[in-house]
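For reference, the structure discussed in these notes is given below.
There are 2 protein chains.
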Amino acid sequence: MNARTLCLAILNFGEATGYEIRKKSIEGEFSYFVDTSFGAIYPALSRLTDEGLVECRDEVHPGKPARKVYSITPKGRDAFVDALNQPIEQDVFKSPFLLTAMCCEFVDPKHMAKVIDERIEYLKNKLEFLSAAKSDCDMPGAAWTLHYGSAVFEASYEYLVKNRDALIAMSGSAQSAEAAE
Amino acid sequence: MNARTLCLAILNFGEATGYEIRKKSIEGEFSYFVDTSFGAIYPALSRLTDEGLVECRDEVHPGKPARKVYSITPKGRDAFVDALNQPIEQDVFKSPFLLTAMCCEFVDPKHMAKVIDERIEYLKNKLEFLSAAKSDCDMPGAAWTLHYGSAVFEASYEYLVKNRDALIAMSGSAQSAEAAE
DNA sequence: TGATTATATGTCGCACCAACATATGCTCGA
DNA sequence: TCGAGCATATGTTGGTGCGACATATAATCA
């Protein structure tokens, strides 16, 4: 799931600027399973344009900053469909939160409480967003994917709420032992 | 969660070679929320040695390849505890699988079936691994983390099993329309 | 009026992932 | 018993891409 394929996937459902592609990646329906940055998107769009997989149209409004609106070409659509039908890479999950939880012995209980409460708040917001997004989406796969996300986030949220206090209680044991020395 | 902190975290629970650190990252108890590669670990260990956060002991057995066994220093332990108590970065989840599912219109049903069945098989193995790991681990945070992983993978597994056929049924609609043109 | 936010494009340094190169010992089937 | 393949082990390299920075304009708001 490199920047190239991500750009093609988003452009396949409508034209967009680099700014909008990034925004959809981190805020829109794609946001909970893709992630990217300007430093990846802009070079990717340049290369895709060179290769004829996307087209770029300059939109100039007097007195406004110029926009570069990208749209997918037939060749690009073929390349996208081809990429989708290739064997896929493994999902990636990296969690500084779980590393902190696993090493809770060395973490100050107050810090641990802050960390887990922030995580709970984050999941709550994500769940609300996913519920709201369910209605206004016409792609058949999108609904399936949103329901999947809801199911997983829900399980995650419930575990954290139920086991919050237990984690905080375990925190700091090694640290206080060290301080006592 | 850079390579530095990861090395310190693993070395904090016992000495290890670069090879073993990588193995624990992708196979051990850490495996479902960290990920790394040799290209990150070996340079990180060199830098940590230079900075005095870890120590390196050459273990030479005649007729065997030399091993470099790393262990954490008191200074390294301090740095690790300090890193744990800093504000943490966001969790990262990237899923080529969900991107494929979301765009299932453009995916051949046979390919979709293969992709989801592989994912189900993967989750089944992970769940079995997590159950087995539950017993033989003495860190207090590890049990909490393993239960969290089980809860989330379980939710994910059940959703996939229940909604497998629905996803495959939705697949390929756009592709066959295109082929018919 | 000035501060901040949203839109918009882009660059740069450093980190790091995937693949390759290299070397040895062990196991197991032909 | 001999070679093939696998596990152990260390490292390099090329390209990708993340995070931070630079720049610019319009709108909003105190």
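Chains B and W are the protein sequences, given in the same order. The first sequence begins at 1 in the UniProt record's numbering and counts up one residue at a time. The second sequence begins at 1 in the UniProt record's numbering and counts up one residue at a time. A virtual CB, placed ideally from N, CA and C, is assigned to each residue, including glycine. Treat the numbers as computed from the prediction; the structure is a model and nothing was measured.
message: Would N85 (chain B) pass as an interface residue toward chain W - the criterion being a Cβ-Cβ separation below 7 Å?
response: Start at 1 with the first residue of the first sequence, and residue 85 (chain B) comes out as number 85. Yes, because at least one Cβ of chain W sits closer than 7 Å to the Cβ of N85 (chain B).
task: Taking I26 (chain W) as part of the beta strand (DSSP E), name the residues at either end of that continuous run.
output: Residue mapping note: residue 26 (chain W) aligns to position 26 of the second sequence, counting from 1. Note, I26 (chain W): premise wrong, no beta strand (DSSP E); alpha helix (DSSP H) at G18 to E27.
message: By the DSSP assignment, the alpha helix (DSSP H) with V81 (chain W) in it spans what residues?
response: Taking the first residue of the second sequence as position 1, residue 81 (chain W) is located at position 81. First-last of the alpha helix (DSSP H) with V81 (chain W): P74 to L84.
- prompt: Just curious, the alpha helix (DSSP H) that C56 (chain B) is in, first and last residue?
  reply: Counting from 1 along the first sequence, the entry for residue 56 (chain B) is found at position 56. Judged by DSSP secondary structure, C56 (chain B) falls outside any alpha helix (DSSP H) and instead within the beta strand (DSSP E) spanning V54 to E59.
Closer than 7 Å to chain W by CB, I116 (chain B): In the first sequence, the residue the question calls residue 116 (chain B) occupies position 116. Residue-level contact check: I116 (chain B) does not touch chain W, since none of the beta carbons of chain W fall below 7 Å from its beta carbon.
Where V161 (chain W) sits in the DSSP three-state scheme: The residue labelled residue 161 (chain W) in the question sits at position 161 within the second sequence. Looking at V161 (chain W) - three-state DSSP - the assignment turns out to be helix.
field: Alpha-carbon to alpha-carbon, S31 (chain B) and R57 (chain B)
entry: Locating residue 57 (chain B) in the first sequence gives position 57, counting from the first residue. Locating residue 31 (chain B) in the first sequence gives position 31, counting from the first residue. R57 (chain B) and S31 (chain B) have their C-alpha atoms roughly 26 Å apart.
field: Segment limits, alpha helix (DSSP H) that includes F97 (chain B)
entry: Numbered from its first residue, the first sequence carries residue 97 (chain B) at position 97. Run containing F97 (chain B): P96 to M102, per the alpha helix (DSSP H) assignment.
field: Partners in chain W for residue 188 (chain B), counting only beta-carbon separations shorter than 7 Å
entry: Residue 188 (chain B) lies beyond the residue range present for chain B, which begins at 1 and ends at 181; the question has no answer from this structure.
query: Is there contact between the segment 75-89 of chain B and the segment 65-84 of chain W, where contact requires at least three CB pairs shorter than 8 Å?
result: The segment 75-89 of chain B, when compared against the segment 65-84 of chain W, does not touch it at the 8 Å Cβ threshold.
- request: Could you work out which residue in B:L160, B:D91, B:Y148 and B:A143 is closest to H147 (chain W) when comparing CA atoms only?
  value: What you label residue 147 (chain W) is simply residue 147 of the second sequence in a count that begins at 1. Nearest of B:L160, B:D91, B:Y148 and B:A143 to H147 (chain W), Cα basis: B:L160.
Members of the segment 88-100 of chain B that neighbour chain W once the beta carbon cut-off is set at 9 Å: Of all residues in the segment 88-100 of chain B, I88, E89, Q90, D91, V92, F93, K94, S95, P96, F97, L98, L99 and T100 have a Cβ within less than 9 Å of some Cβ in chain W.
task: Have a look at E128 (chain B) and I116 (chain W) and give me their C-alpha separation to the nearest angstrom.
output: In the first sequence, counting from the first residue as 1, residue 128 (chain B) sits at position 128. In the second sequence, counting from the first residue as 1, residue 116 (chain W) sits at position 116. In a straight line, the C-alpha of E128 (chain B) is about 27 Å away from that of I116 (chain W).
message: So that I know if they touch, is there some Cβ in chain B lying closer than 7 Å to that of Y148 (chain W)?
response: In the second sequence, residue 148 (chain W) corresponds to position 148, counting from 1. Between Y148 (chain W) and chain B, the shortest Cβ-Cβ separation is below 7 Å.
Where S71 (chain B) falls: helix, strand or coil (DSSP): Looking up residue 71 (chain B) in the first sequence gives position 71. Here DSSP, grouped into helix, strand and coil, assigns S71 (chain B) to strand.
query: At least one CB of chain W closer than 7 Å to the CB of V54 (chain B): is that the case?
result: Reading the first sequence from its first residue, position 54 is the one you call residue 54 (chain B). Not an interface residue.
- prompt: Thinking just about the alpha-carbon of each residue, which of W:T49, W:E27 and W:G18 is nearest to the one in residue 184 (chain W)?
  reply: Only positions 1 to 181 of chain W appear in the structure, and residue 184 (chain W) is not among them; the question remains open.
field: Residue-level contact to chain B via CB, A180 (chain W), 7 Å cutoff
entry: Looking up residue 180 (chain W) in the second sequence gives position 180. With a pLDDT of only 41 at A180 (chain W), under 50, the local geometry of the prediction cannot be trusted, and no value is derived from it.
- request: For Y159 (chain B), go through chain W and note every residue whose CB falls closer than 8 Å to its CB, in chain order.
  value: For the purposes of this step, residue 159 (chain B) is identified with residue 159 of the first sequence, where counting begins at 1. Neighbours of Y159 (chain B) across chain W, judged by C-beta separation under 8 Å: H147, Y148, A151 and V152.
query: Does any residue of chain W bring its CB to less than 7 Å from the CB of V60 (chain B)?
result: Within the first sequence, the letter at position 60 stands for residue 60 (chain B). By this cut-off, V60 (chain B) is not an interface position.
query: On the three-pair Cβ rule with 8 Å, is the segment 103-111 of chain W touching the segment 108-127 of chain B?
result: Below 8 Å, too few C-beta pairs join the segment 103-111 of chain W and the segment 108-127 of chain B to call them touching: fewer than three.
task: Determine the burial state of E29 (chain B): buried for a count of at least 16 other Cβ atoms within 10 Å of its Cβ, exposed for fewer.
output: Numbered from 1 along the first sequence, position 29 holds the residue referred to as residue 29 (chain B). E29 (chain B) is buried by the Cβ-count criterion.
message: Along the chain, where does the alpha helix (DSSP H) containing F38 (chain W) start, and where does it finish?
response: Here residue 38 (chain W) is taken as the residue at index 38 of the second sequence, counted from 1. Looking at the DSSP string, the run of the alpha helix (DSSP H) that includes F38 (chain W) is F38 to D50.
query: Do M1 (chain B) and P96 (chain W) have their C-beta atoms within less than 7 Å of each other?
result: Walking along the first sequence from the start, residue 1 (chain B) turns up at place 1. Walking along the second sequence from the start, residue 96 (chain W) turns up at place 96. Note that the C-beta distance between M1 (chain B) and P96 (chain W) is below 7 Å.
query: Buried or exposed: E181 (chain B), going by 16 or more other Cβ atoms within 10 Å of its Cβ?
result: In the first sequence, the residue the question calls residue 181 (chain B) occupies position 181. Residue placement at E181 (chain B) is poorly supported in this model, since its pLDDT is 43, which falls under 50; the coordinates still yield a value, given next. Its Cβ having fewer than 16 others within 10 Å, E181 (chain B) is exposed.
message: Counting only C-beta atoms, is M112 (chain B) closer than 7 Å to chain W at any point?
response: The residue labelled residue 112 (chain B) in the question sits at position 112 within the first sequence. It does not: the Cβ of M112 (chain B) has no partner Cβ on chain W nearer than 7 Å.
- prompt: Which two residues bound the contiguous alpha helix (DSSP H) that contains A3 (chain W)?
  reply: Against the second sequence, residue 3 (chain W) aligns to sequence position 3. First-last of the alpha helix (DSSP H) with A3 (chain W): A3 to L11.
- prompt: Taking the C-alpha atoms as reference points, what is the distance between G149 (chain W) and E158 (chain W)?
  reply: For the purposes of this step, residue 149 (chain W) is taken as residue 149 along the second sequence, with counting starting at 1. For the purposes of this step, residue 158 (chain W) is taken as residue 158 along the second sequence, with counting starting at 1. Whole-angstrom Cα-Cα distance: 14 Å.
query: I think residue 246 (chain W) touches E59 (chain W), with their Cβ atoms under 8 Å apart; what is that distance to the nearest whole Å?
result: Missing from the structure shown is residue 246 (chain W); chain W here goes from 1 to 181 and no further.
message: For C7 (chain B) and F153 (chain B), I'd like the C-alpha separation in whole angstroms.
response: Here residue 7 (chain B) is taken as the residue at index 7 of the first sequence, counted from 1. Here residue 153 (chain B) is taken as the residue at index 153 of the first sequence, counted from 1. Looking at the two C-alpha atoms, the distance is approximately 26 Å.
message: Relative to the C-alpha of L99 (chain B), which candidate in W:L48, W:E15 and W:S25 has its C-alpha closest?
response: Position 99 of the first sequence, counting from 1, holds the residue named residue 99 (chain B). Minimum Cα-Cα distance from L99 (chain B) among the listed residues W:L48, W:E15 and W:S25 corresponds to W:S25.
- prompt: Name the chain B residues whose beta carbon is nearer than 8 Å to that of L167 (chain W)?
  reply: Mapped onto the second sequence, residue 167 (chain W) falls at position 167. In chain order: G141 and W144.
task: List the residues that DSSP assigns as beta-bridge partners of V92 (chain W).
output: What you label residue 92 (chain W) is simply residue 92 of the second sequence in a count that begins at 1. B:K94.
Helix, strand or coil at E15 (chain W) [DSSP, three-state]: Against the second sequence, residue 15 (chain W) aligns to sequence position 15. Residue state, collapsed to three classes: coil.
task: With distances taken Cα to Cα, identify the nearest neighbour of S156 (chain B) among B:A133, B:N125, B:S171 and B:K68.
output: Position 156 of the first sequence, counted from the first residue, corresponds to residue 156 (chain B). Ranking B:A133, B:N125, B:S171 and B:K68 by Cα distance to S156 (chain B) puts B:N125 first.
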